[in-house]
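For the record, the sequence lines run as chains A and B. Each residue of the first sequence is one higher than the one before, counting from 298 in the numbering used here. Each residue of the second sequence is one higher than the one before, counting from 14 in the numbering used here. We put the beta carbon where it would ideally sit given N, CA and C, even for glycine. Given the structure is predicted, the values throughout are model-derived calculations rather than measurements.
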Amino acid sequence: MMDRSLIVAGCIFGLLLALPILLPVFGAGYLTGLIIKAMLLAIAAISLDLLIGHGGMVSLGHAAFVGVGAYAAAIGLESGIENILVLLLITLAVTGLVALVTGTLALRTSGVYFLMITLAFGQMIYFTLTSLAAYGGDDGLTLWSLATLFGSDVVQNGGGLYYVVLGTLLATWWGIYRLSRARFGRVLRAARDNSERAEVMGFPVRRYRLVAYVIAALIAGVSGLLLVQHAEFVSPALAAWQRSGDLIVVVVLGGLASRNGAILGAFFIVIVEEVLGSFIHEWRLIYGPLLVLLVLFAKGGLSDLFAAKPVRRAAQ
Amino acid sequence: MLEIRNLNKSFGALKVSRDISIEIGPDQCHALIGPNGAGKTTLIHQISGVLQPDSGYVALGGQDITQMSVWQRVQAGLGRTFQITSVLPSFSVLENMAIAAQAKAGSSMQFFRDAATETGLNETARATLDRVGLSDRADMRASDLSHGELRLLELGIALAADPKFLLLDEPMAGLGRTESAALITMLSQLRNSLPMLLVEHDMDAIFQLADTVSVLVDGSVIARGTPDEVRADSAARAAYLGDGMA
Numbered sequence: 298m299m300d301r302s303l304i305v306a307g308c309i310f311g312l313l314l315a316l317p318i319l320l321p322v323f324g325a326g327y328l329t330g331l332i333i334k335a336m337l338l339a340i341a342a343i344s345l346d347l348l349i350g351h352g353g354m355v356s357l358g359h360a361a362f363v364g365v366g367a368y369a370a371a372i373g374l375e376s377g378i379e380n381i382l383v384l385l386l387i388t389l390a391v392t393g394l395v396a397l398v399t400g401t402l403a404l405r406t407s408g409v410y411f412l413m414i415t416l417a418f419g420q421m422i423y424f425t426l427t428s429l430a431a432y433g434g435d436d437g438l439t440l441w442s443l444a445t446l447f448g449s450d451v452v453q454n455g456g457g458l459y460y461v462v463l464g465t466l467l468a469t470w471w472g473i474y475r476l477s478r479a480r481f482g483r484v485l486r487a488a489r490d491n492s493e494r495a496e497v498m499g500f501p502v503r504r505y506r507l508v509a510y511v512i513a514a515l516i517a518g519v520s521g522l523l524l525v526q527h528a529e530f531v532s533p534a535l536a537a538w539q540r541s542g543d544l545i546v547v548v549v550l551g552g553l554a555s556r557n558g559a560i561l562g563a564f565f566i567v568i569v570e571e572v573l574g575s576f577i578h579e580w581r582l583i584y585g586p587l588l589v590l591l592v593l594f595a596k597g598g599l600s601d602l603f604a605a606k607p608v609r610r611a612a613q
Numbered sequence: 014m015l016e017i018r019n020l021n022k023s024f025g026a027l028k029v030s031r032d033i034s035i036e037i038g039p040d041q042c043h044a045l046i047g048p049n050g051a052g053k054t055t056l057i058h059q060i061s062g063v064l065q066p067d068s069g070y071v072a073l074g075g076q077d078i079t080q081m082s083v084w085q086r087v088q089a090g091l092g093r094t095f096q097i098t099s100v101l102p103s104f105s106v107l108e109n110m111a112i113a114a115q116a117k118a119g120s121s122m123q124f125f126r127d128a129a130t131e132t133g134l135n136e137t138a139r140a141t142l143d144r145v146g147l148s149d150r151a152d153m154r155a156s157d158l159s160h161g162e163l164r165l166l167e168l169g170i171a172l173a174a175d176p177k178f179l180l181l182d183e184p185m186a187g188l189g190r191t192e193s194a195a196l197i198t199m200l201s202q203l204r205n206s207l208p209m210l211l212v213e214h215d216m217d218a219i220f221q222l223a224d225t226v227s228v229l230v231d232g233s234v235i236a237r238g239t240p241d242e243v244r245a246d247s248a249a250r251a252a253y254l255g256d257g258m259a
């Protein structure tokens, strides 16, 4: 089972590595942009899956951390900081701090209350971002200068941004893979299974959940930073609760606690949105029923299509 | 080993613990009995840290643990089992033990090393499985175990953390005669090395295992002594043991 997930991951990453070579339009290509978009969505979704799939914490405010990360980078850029490593540190520091404060409060609750409080924090962050008048307010902000790596454009669209995003996706995949199998991931899963039991095994459950929450937020923040580099634009819409909902759809569609699933889910959503959107304006009319069908017939998510066992139907 | 001193607890006007004092020495098995509503569960909650007493204190091995949270008390050496079986259902039987051992084996804020291959944890887990007789169930999902096996797993989880003291909340609940007898045998071996507080309705178990007994009625300990003394105590008989139960 685990081997199979590594094989699927190998195929996915091999394909993503080769795509720019296969695509004749590398560089300014429309497809390249689409794939970058999907990979960034996948990074945020994998981080959210750490909370939902492994931790049993359904957050409806995760996109807010993408927004916080993006704005931290954008404001850094506007203040004249161009080194991406410095911007990365700023992004991590700001996102981590926001996650630490909101997580400490949100994790006093669980279940549907956790969902509500993360939604509330997400909306607070969203409205905070819309009120940043100096940085475009509601409309967002176009960035005229982008980050460089010591003056090199390797981290920009024209340069090697595709590979930077791919590398980040790979690092996220690998990091969460190790983490979920390590002692930390085991405690997190124990708390999801039976939090009272985990506590009576001697684990301060809330502390472990908070660490997971902050880690997930940091990863989402990094995806925000890269999103700024790719879109060359930042707007509060990144942090809106609808975006958090999209992330949950990606996670559930892909399959819980499955990193490959999150990648497949992200690509599925981005491609379906693009394809359907290109020939029908009311594409969501098709998109909705499609999601319903997928959830009904691939109960374990897209990752189940590649799993060893056939798809399990709901026991009637 | 475990010392409960002048514990008081009220919920509003209802006094559920009235000046309860119990002292359990090393290698001693103390049983707590009492009719439903006597305040046994509230007392257990105050010992395990779910509830705070209004006054009085709980000490484990000479250390005051009254202010500690649930997980800190476990770290301090208080093992417990639940009246209603509580395990990690999606974990394998072995992994249930291994994670219990993990809590006592250094920090669990470890993010890279594969926990399933940690030999130290797995050895403790297998040894504990042996002790509770579940070795041949090691790779099964805990949710696939029978009720009797789950009770053993639950005991194993408590033992895997190498506790100094064991709090057993109705370990015989729901077990058949043969399963009960097997568990009593197992506990009677344990009690030679591990002090325990046994909350139980099963009189067979109490008379076989307990060195001393406290009878809790309406939040007060109304009688205490050896099982035979308690059986002879008129107040205890009237409150609880009467009607042919002894």
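Problem - Near the ligand NAP: Leu316 (chain A) beta-carbon under 7 Å from a heavy atom - result: This structure does not include the ligand NAP; it has no bound ligands of any sort.
Exercise for the section: Please classify Gly324 (chain A): is it buried, with 16 or more other beta-carbons within 10 angstroms of its beta-carbon, or exposed? Expected result: Low per-residue confidence applies at Gly324 (chain A): pLDDT is 49, beneath 50, and the placement is therefore not dependable enough to give any value.
Handout entry: Nearest-angstrom Cα separation, counted from Leu587 (chain A) out to Ala114 (chain B)
Key = 46 Å
Problem - Cross-strand partners of His351 (chain A) (DSSP beta bridge) - result: Per DSSP, none; premise fails for His351 (chain A).
Practice task
Output the boundary residues of the beta strand (DSSP E) element that contains Ala236 (chain B).
Solution key: 233 to 238
Exercise for the section: Within 10 angstroms of the Cβ of Val608 (chain A), are there 16 or more other Cβ atoms? Answer buried if so, exposed if not. Expected result: Low local confidence applies: a pLDDT of 41 at Val608 (chain A) is under 50, so the model's placement there is unreliable, with the coordinate-based value given in what follows. Classification of Val608 (chain A): exposed, given that the 10 Å Cβ count is below 16.
Exercise for the section: Figure out for me which residue from B:Asp149, B:Ser99, B:Ala223, B:Leu207 has the closest Cα to the Cα of His214 (chain B). Expected result: B:Ala223
Exercise for the section: Taking only beta carbons into account, state which residues of the segment 91 to 105 of chain B come closer than 7 Å to chain A, listed in chain order. Expected result: Arg93, Ser99, Val100, Leu101, Pro102, Ser103, Phe104
Exercise for the section: Note down the Cα distance separating Leu357 (chain A) from Arg126 (chain B), rounded to an integer number of angstroms. Expected result: 31 Å
Exercise for the section: Evaluate contact between the segment 458 to 477 of chain A and the segment 97 to 110 of chain B, counting only Cβ atoms and requiring at least three cross-stretch pairs below 8 Å. Expected result: Fewer than three beta-carbon pairs drawn from the segment 458 to 477 of chain A and the segment 97 to 110 of chain B are found closer than 8 Å, and the two stretches are therefore not classed as touching.
Practice task
Output yes if chain A places a C-beta closer than 8 Å to the C-beta of Leu122 (chain B); else output no.
Solution key: At residue 122 (chain B) the sequence reads Met, which differs from the Leu that was named. Yes, because at least one Cβ of chain A sits closer than 8 Å to the Cβ of Met122 (chain B).
Practice task
Quick one: which residues of the segment 478 to 498 of chain A get their C-beta closer than 8 Å to a C-beta of chain B? List them in chain order.
Solution key: Arg478, Ala479, Arg480, Phe481, Gly482, Arg483, Val484, Arg486, Ala487, Asp490, Asn491, Glu493, Arg494, Ala495, Glu496, Val497, Met498
Practice task
Closer than 9 Å by beta-carbon distance: list the chain A residues that pair up with Val212 (chain B), in chain order.
Solution key: Neighbours of Val212 (chain B) on chain A: none; closest Cβ ~15 Å, over 9 Å.
Exercise for the section: Please say whether Val87 (chain B) and Ala116 (chain B) have beta carbons closer to each other than 8 Å? Expected result: yes
Practice task
Give me the Cα-Cα distance between Leu314 (chain A) and Arg164 (chain B), rounded to the nearest whole angstrom.
Solution key: 52 Å
Problem - Short CB-CB distance (under 8 Å) between Phe594 (chain A) and chain B - result: no
Practice task
State the Cα-Cα distance for the pair Met122 (chain B) and Glu162 (chain B), rounded to the nearest angstrom.
Solution key: Approximately 31 Å, taken between the alpha carbons.
Practice task
Report the rounded CA-to-CA distance for Gly551 (chain A) versus Val363 (chain A), giving the unit in angstroms.
Solution key: 20 Å
Practice task
For Asp263 (chain B), decide whether its Cβ has a neighbour in chain A, counting only Cβ atoms nearer than 8 Å.
Solution key: Outside the shown range of chain B (14 to 259) lies residue 263 (chain B), about which nothing can therefore be said.
Exercise for the section: Identify, in the order they occur along the chain, each residue of the same chain with its Cβ nearer than 8 Å to the Cβ of Ser233 (chain B), setting aside the five sequence neighbours on each side. Expected result: The answer, listed in chain order, is Arg31, Asp32, Ile33.
Practice task
Look up Gly324 (chain A) in the DSSP assignment and say whether it is helix, strand or coil.
Solution key: In this prediction, Gly324 (chain A) has a pLDDT of 49, which is less than 50 and means its spatial position is unreliable; nothing more can be read from the coordinates.
Practice task
Please confirm if the segment 200 to 208 of chain B is in contact with the segment 20 to 31 of chain B, defined as three or more CB-CB distances below 8 Å between the two stretches.
Solution key: no
Practice task
Compare the C-beta of Arg475 (chain A) against all C-beta atoms of chain B and say whether one is closer than 8 Å.
Solution key: yes
Problem - Local conformation of Ile97 (chain B) per DSSP, three classes - result: Ile97 (chain B): coil per DSSP, three-state reduction.
Practice task
Quickly, what does DSSP pair Arg18 (chain B) with across the bridge? List them, please.
Solution key: B:Tyr70
Problem - Neighbourhood of Arg190 (chain B) by C-beta, 6 Å cutoff - its chain only, sequence neighbours within 5 removed - result: In its chain, beyond the 5 residues on either side, no residue has a beta carbon closer than 6 Å to the beta carbon of Arg190 (chain B).
Practice task
List the residues of chain B whose Cβ lies closer than 8 Å to the Cβ of Phe500 (chain A), in chain order.
Solution key: Trp84, Ala116, Ser121
Handout entry: DSSP-derived helix/strand/coil call for Gln115 (chain B)
Key = Helix, per DSSP.
Practice task
State yes or no: is the beta carbon of Val332 (chain B) nearer than 8 Å to at least one beta carbon in chain A?
Solution key: Nothing can be reported for residue 332 (chain B): it is not among the residues displayed for chain B, which extend from 14 to 259.
Problem - As assigned by DSSP and simplified to three states, the class of Leu429 (chain A) - result: coil
Handout entry: Backbone CA spacing between Ile60 (chain B) and Thr79 (chain B) [nearest angstrom]
Key = 8 Å
Exercise for the section: Look at the Cβ atom of Pro533 (chain A), then the Cβ atom of Asp435 (chain A), and state whether they are nearer than 8 Å. Expected result: yes
Exercise for the section: Please confirm whether Leu374 (chain A) and Leu316 (chain A) have their CB atoms less than 8 Å apart. Expected result: no
Practice task
Report buried or exposed for Cys308 (chain A), applying the criterion of at least 16 other Cβ atoms within 10 angstroms of its Cβ.
Solution key: exposed
Problem - C-alpha gap between Ala513 (chain A) and Phe594 (chain A), whole angstroms - result: 29 Å
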